[in-house]
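Novice: This is the structure I want to talk about, given as structure tokens.
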Amino acid sequence: MTNKFLFLIKVYFFAFFALLASCEKRSACLSLTEFYVNPSLMSEYSNYCELVDNALKEDSDLLRFFKLEVTEEHMFYHGEVLLQIAEKVGANKTVSTIEKLDKEDRFRLMILMRSGTIDSSLPKNKRIHLKEMYIKLEETVEL
Numbered sequence: 004m005t006n007k008f009l010f011l012i013k014v015y016f017f018a019f020f021a022l023l024a025s026c027e028k029r030s031a032c033l034s035l036t037e038f039y040v041n042p043s044l045m046s047e048y049s050n051y052c053e054l055v056d057n058a059l060k061e062d063s064d065l066l067r068f069f070k071l072e073v074t075e076e077h078m079f080y081h082g083e084v085l086l087q088i089a090e091k092v093g094a095n096k097t098v099s100t101i102e103k104l105d106k107e108d109r110f111r112l113m114i115l116m117r118s119g120t121i122d123s124s125l126p127k128n129k130r131i132h133l134k135e136m137y138i139k140l141e142e143t144v145e146l
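Numbering (my numbering), first residue to last: 4 to 146.
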């Protein structure tokens with residue numbers, strides 16, 4: 004009976020840490036648990052997490068992040084992150100930052116954000132909220 008009990012404790016202990024490790028990989032970029040960055044972005048762009056974190060802190064880094072170019076393969080994931088950042092910093096700050104971009108960069112950014120609403124790995128309620136954020140930005144930003 005004791006061996007079986009010890010075995011179960013080991014199994015639960017291992018499962019707990021495996022679960023804990025997988026959660027950390029999903030949101031390794033930020034201390035914010037509700038913020039999601041697709042792992043393929045982190046593996047393709049080695050400093051992506053740092054760029055995201057900085058974009059949330061500084062206006063100049065937010066502008067730089069809005070200008071970041073990604074491959075076609077990653078545009079949906081990047082668009083998803085752009086919308087999450089817009090949601091986090093707020094519509095007013097996002098719009099004022101977007102207005103600092105030239106017309107071509109604004110157009111490209113809005114396409115990326117739109118793509119983030121199309122193919123999203125986020126939960127349904129979060130996707131709906133991000134679509135609402137995109138619509139608000141689309142109505143406000145002058146292209």
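Beta carbons: idealized from backbone N, C-alpha and C, even for Gly.
These numbers were taken from a predicted model, which means no experiment stands behind them.
1) Using 8 angstroms for Cβ pairs, my map puts residue 59 next to residue 88. What's the rounded Cβ distance?
2) Residue 6: buried (16+ other C-beta within 10 angstroms of its C-beta) or exposed?
3) Residue 85 and residue 116 - do their beta-carbons sit closer together than 7 angstroms?
4) Ends of the alpha helix (DSSP H) at residue 51?
5) Buried or exposed: residue 120, going by 16 or more other Cβ atoms within 10 Å of its Cβ?
6) Can you give me the start and stop residues for the alpha helix (DSSP H) that residue 75 sits inside?
7) Could you tell me the distance, in whole angstroms, from the CA atom of residue 29 to the CA atom of residue 57?
8) Which of the three DSSP states, helix, strand or coil, is assigned to residue 124?
Specialist: Reading from the atomic positions:
1) Your numbering for residue 59 matches position 56 in the sequence shown. Your numbering for residue 88 matches position 85 in the sequence shown. With a Cβ gap of about 6 angstroms, residue 59 and residue 88 count as contacting.
2) Taking the sequence shown and counting its residues from 1, the one referred to as residue 6 is at position 3. Counting Cβ neighbours within 10 Å, residue 6 comes out exposed, since fewer than 16 surround it.
3) The residue given as residue 116 occupies position 113 in the sequence shown. The residue given as residue 85 occupies position 82 in the sequence shown. With respect to the 7 angstroms criterion, residue 116 and residue 85 are classified as neighbours on the basis of their beta carbons.
4) Here the question's residue 51 lines up with position 48 in the sequence shown. Its alpha helix (DSSP H) spans residues 51-60.
5) Numbered from 1 along the sequence shown, position 117 holds the residue referred to as residue 120. Burial call: buried.
6) On the sequence shown, residue 75 is found 72 positions in, with the first residue counted as 1. Counting along the chain, residue 75 falls outside any alpha helix (DSSP H), and DSSP gives it neither H nor E.
7) Taking the sequence shown and counting its residues from 1, one reaches residue 29 at position 26. Taking the sequence shown and counting its residues from 1, one reaches residue 57 at position 54. Because residue 29 sits at a pLDDT of 46, beneath the cut-off of 50, its placement in the model cannot be relied upon, and the point is left open.
8) For the purposes of this step, residue 124 is taken as the residue at position 121 of the sequence shown. Reduced to three states, the DSSP call for residue 124 is coil.
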